[in-house]
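With my numbering applied, the sequence shown covers -2 to 132.
See below for the structure under consideration.
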Amino acid sequence: MALALTLLPWGAIAQTKLITEAEAQAPNLQVPATRAITRGPGISLLSPAEVPAKSFAFKMLFEPRGGAKIDPSSIKFEYLKQPIVDLTARFKTGLNGNQLELPQASVPAGTHPIRVSVRDSEGREGNTIIHLSAK
């Protein structure tokens, strides 16, 4: 029993591998920069963009505007590589309401461009590109 209690904290929080080594080796997708004013939801990265590759906490906030609500089924994460890699299932495990929290995540060393998009209950879309830098 004592052994089970000792191992409990390690098993309680599983590490989420967001990007594989093979995915990181693919060439980056060239995405033109765009700027626009939108009434769509805001997307805020709450954790640092520079992280240790082996283990870090990842937090984001989705901010609805004008009384609308976030549509959780519309949240999408795409790794901007050739071809684009859909990472949504790997991130959604940490989704809770308007916040995403992964206590232990990992990625290979390097810079990882990830496009995050979300829609609100009125169909307005918001998106951003995060450049996660892991050392």
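All C-beta atoms, glycine included, are put in the ideal place defined by N, C-alpha and C.
In or out: residue i buried (at least 16 other Cβ within 10 Å) or exposed?
| i | result |
| --- | --- |
| D117 | buried |
| L84 | buried |
| A102 | buried |
| I81 | exposed |
| L129 | buried |
| G123 | buried |
| L43 | exposed |
| V28 | exposed |
In the structure shown, what three-state DSSP assignment does residue i receive?
| i | result |
| --- | --- |
| T85 | helix |
| E75 | strand |
| S44 | coil |
| S52 | coil |
Would you check if the distance between the CB atom of residue i and the CB atom of residue j is smaller than 8 Å?
| i | j | result |
| --- | --- | --- |
| S41 | K73 | no |
| A131 | P38 | no |
| T108 | T13 | no |
| T100 | A46 | According to the sequence as given, residue 100 is Pro; it is not Thr. No. Outside cutoff. |
What is the residue span of the beta strand (DSSP E) that residue i lies within?
| i | result |
| --- | --- |
| Q22 | That residue, Q22, is in no beta strand (DSSP E); its alpha helix (DSSP H) goes E18 to Q22. |
| P110 | G107 to D117 |
| L99 | Q96 to S103 |
| T125 | E122 to A131 |
If residue i sits next to residue j, beta carbons under 8 Å apart, how far is it from one beta carbon to the other, in whole angstroms?
| i | j | result |
| --- | --- | --- |
| K56 | L97 | 7 Å |
For residue i, is the beta carbon positioned less than 7 Å from some heavy atom of the ligand ZN?
| i | result |
| --- | --- |
| P29 | Absence of the ligand ZN is noted for the structure shown, with no ligands found whatsoever. |
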